[in-house]
Amino acid sequence: MARYARIKNTGKPKVVIIGGGFAGLELVKSLGHADVQVILIDKQNYHTFQPLMYQVATAAIDAESIMHPFRKVFEDQQNFFFRLAEVECVNTQEQLVETNIGLIRYDYLVIATGATTNYFGDKQMEQNALSMKSVEDANCLRNTILGNFENSLQLDDHEQLNSLMDYVIVGGGPTGVELAGALSELRKHVFPKDYPELDFKSMDIHLIQSGGELLKGMSKEASLKSQQFLEEMGVQIWLNRRVKSYDGYTVTLDNGETLISRTLIWAAGVTGNPVQGLKPESLLKGNRLQVDAYNRVVGYENVFAIGDIAAMVTPENQQGHPMLAQPAMQQGELLGKNLVRLFKGETLQPFVYKDQGSMATIGRNKAVADLKLFKKELKSQGFFAWLIWMFIHLVSIIGFRNRLAVMTNWCWNYFTYNSGNRLIVGKKQENIPITETISHKAVI
Numbered sequence: 165m166a167r168y169a170r171i172k173n174t175g176k177p178k179v180v181i182i183g184g185g186f187a188g189l190e191l192v193k194s195l196g197h198a199d200v201q202v203i204l205i206d207k208q209n210y211h212t213f214q215p216l217m218y219q220v221a222t223a224a225i226d227a228e229s230i231m232h233p234f235r236k237v238f239e240d241q242q243n244f245f246f247r248l249a250e251v252e253c254v255n256t257q258e259q260l261v262e263t264n265i266g267l268i269r270y271d272y273l274v275i276a277t278g279a280t281t282n283y284f285g286d287k288q289m290e291q292n293a294l295s296m297k298s299v300e301d302a303n304c305l306r307n308t309i310l311g312n313f314e315n316s317l318q319l320d321d322h323e324q325l326n327s328l329m330d331y332v333i334v335g336g337g338p339t340g341v342e343l344a345g346a347l348s349e350l351r352k353h354v355f356p357k358d359y360p361e362l363d364f365k366s367m368d369i370h371l372i373q374s375g376g377e378l379l380k381g382m383s384k385e386a387s388l389k390s391q392q393f394l395e396e397m398g399v400q401i402w403l404n405r406r407v408k409s410y411d412g413y414t415v416t417l418d419n420g421e422t423l424i425s426r427t428l429i430w431a432a433g434v435t436g437n438p439v440q441g442l443k444p445e446s447l448l449k450g451n452r453l454q455v456d457a458y459n460r461v462v463g464y465e466n467v468f469a470i471g472d473i474a475a476m477v478t479p480e481n482q483q484g485h486p487m488l489a490q491p492a493m494q495q496g497e498l499l500g501k502n503l504v505r506l507f508k509g510e511t512l513q514p515f516v517y518k519d520q521g522s523m524a525t526i527g528r529n530k531a532v533a534d535l536k537l538f539k540k541e542l543k544s545q546g547f548f549a550w551l552i553w554m555f556i557h558l559v560s561i562i563g564f565r566n567r568l569a570v571m572t573n574w575c576w577n578y579f580t581y582n583s584g585n586r587l588i589v590g591k592k593q594e595n596i597p598i599t600e601t602i603s604h605k606a607v608i
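Residue numbering for the sequence shown follows the numbering used here, starting at 165 and increasing by one per position.
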C-alpha cells in the first residue's frame, strides 16, 4: 500500500515546489495571498545565500550568516507548508511526487532544483577536486585550507611544502575570481600572523580560465580590470588553458605544463539538476528542462520549471537565460502571479528577463560592476563598485540577524585585517596522505 507524507489537506489546489533556492523562495512569496496550498520540499531546512559562499570558504564569515530556516522565512504565511525530504522521482500520470518520507500529491508542480557542479564527465576530477555548491562544500574547503597550513609546519621538503601551500582554481567566472582574490588577501594579511614559521612568499595562487578573458559575460572593462587587480595581488592567471587531468597532486594542463597542488578548487561550470520521471524530450543539453514563455515544461500542462533548471529557449537566445539569481527570482515572482491568473481563467503573462547587470568583488576596495539602471548602463571599477557590491549583497541576505552578523564581520575584517572564523570543524579533503618520504618528522 502506498504511503503518503502527512500533510494537512486544506481542500485547496496544491502547488508543490521542489527546491528552496532563489527561484523557489520567490515563488512561495508570490503565492503568499493566493487561495492555494503551497508545499515546499527541500533536502535542507534552510535557504542558502550562495553569492557569499566563497566568504564562508575563506573564513570571512560564519556559515550560519548566509543560512535562514524556511519555516522562519514564511512563519506568517498561512498557506505555506514545508517538508524536509529528498525527492526520488515524480509521477506525472498520477500527479505524485515520490519522496523518502512518502508520496505528495500535487495539482501544479514546480521544479526549482537549481544546478550542480559540472565536471564534464571527468570522474577523477570529481573525486579529487573541491567544489563550491553547498555550505558543506564551503566548510570543507575552509577546513582543507587551514589543515594544509597546519600540516605544512611538519615539513621541510620543498616540493611537499609547495603542494600544501599552493592553490589551483579552475574557472574564471565570478566564483573563481572572488576566491582567488580572497585567498590572496588572506596570504598577505592573515596567514603570516597565524603561521609565522611559514614563508608565504612561496604560496602560489593559480587561476585557470579556458577562454581568453575573465568574467565572461561582463564588459571588456570589467574583465580587464579584474585581471589587473588579481595580477597586482600576485595571482598567477592562465588564460586559454584547460585542465587535462588532476590526480590529487599533479595538475596537468592541455599544453603539457604541470602544477603541483593538493588543493584544486573546481569553479568551471554547472549543470542542471533535474528530477527523475519527466519525459526525456523535455531535457535539453546541460540537463536543463525546456520551458515555454510561461515557464511551463514542454509536454506538460501543470508542470513548471524555474531558475537554473529551466531553459527558456528563444530564437535570440538558444542557451536559455543565464544561470544566475536574477532570472531565477524574476521567474519565481512572475510564475506565482501567473498561477493566480491561471486559477482565475485569465491570460498568462510571458516572461521577459530584465537584466540588472553583474558584479564581482576581487578584494578590499576592489570590485567591478556592470549595472543597468533606468535603461542606462553604469560601469564601475574599484572602490565605488566595491561599495555597491557590499550594499546590494547585504540587503539581499534574508533576515536582519544575518545581515547584522555579516556587516559586523565585514567591518571587523576591514579595520583589523583579520578573519575570526579560522576553525577546523568537520571534514577536510586529503587526496594523497603525507608519507614518510619527507626527510624527517617534526621535532618540537
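Every residue gets a Cβ at the ideal spot worked out from N, C-alpha and C, and that includes glycine.
For G496, the secondary structure class from DSSP, reduced to helix, strand or coil, is helix. With the rule of 3 Cβ pairs closer than 8 angstroms, the region 320–328 does not count as touching the region 373–380.
For E262, the enclosing beta strand (DSSP E) begins and ends at 260–263. Burial state of A166 is exposed, judged by a 10 Å Cβ sphere holding fewer than 16 other Cβ atoms.
Within a 10 Å sphere around the beta-carbon of D206 sit 16 or more other beta-carbons, which makes this residue buried.
Check the Cα spacing between E349 and each of A187, A223, V180: the tightest is with A223. R170 sits exposed, since fewer than 16 C-beta atoms from the chains shown fall within 10 Å of its C-beta. Membership of P338 in the alpha helix (DSSP H) is indicated by the continuous run 338–349. The residues F186, A187, G471, in chain order, have a CB closer than 6 angstroms to that of A492 in the same chain once the five nearest residues on each side in sequence are set aside. Counting only unbroken stretches of 3 or more residues, the beta strand (DSSP E) elements lying wholly within the region 374–424 are 400–403, 407–410, 414–417, 422–424, in sequence order. With fewer than 16 other CB atoms across the displayed protein chains lying within 10 angstroms of its CB, N481 is exposed. Going by C-alpha positions, Q392 is about 43 angstroms away from K236. In the three-state reduction of the DSSP assignment, K172 falls in the coil class. Annotation: A475 to Q495 spans about 11 angstroms, alpha carbon to alpha carbon. Taking the Cα positions, N243 is about 58 angstroms away from D363. Scanning the region 212–293 from its first residue to its last, the whole beta strand (DSSP E) runs of 3-plus residues come out as 231–233, 244–248, 251–255, 260–263, 266–269, 272–275, 279–281. Listed in chain order, the non-local C-beta contacts of G527 below 8 angstroms within the same chain comprise G345, A346, S348, E349, F393, M397, local neighbours out to five positions each way being set aside. The C-alpha of I561 is placed about 18 angstroms away from the C-alpha of Q208. Between E323 and the set T414, N459, D418, the nearest pair of CA atoms involves T414. Residue pairing of K297 in beta bridges, as defined by DSSP: absent, with no partner found. Of the other Cβ atoms in all chains shown, fewer than 16 fall within 10 Å of the Cβ of L317; this residue is therefore exposed. Collapsing the DSSP output to three states places I562 in coil. DSSP, reduced to helix, strand and coil, places V462 outside both helices and strands of the structure shown, so it counts as coil. Put simply, the backbone Cα of T277 is about 10 angstroms away from that of R452. Residue environment for P479: exposed (fewer than 16 other C-beta atoms within 10 angstroms of its C-beta). In the same chain as V334, and ignoring 5 residues on each side of it, the C-beta atoms closer than 6 angstroms to its own belong to I372, V407, W430, A432, in chain order. Residue environment analysis places H197 among the exposed positions, since fewer than 16 neighbouring C-beta atoms fall within 10 angstroms of its C-beta. Rounded to whole angstroms, the gap between the alpha carbons of N282 and Y581 is 35 angstroms.
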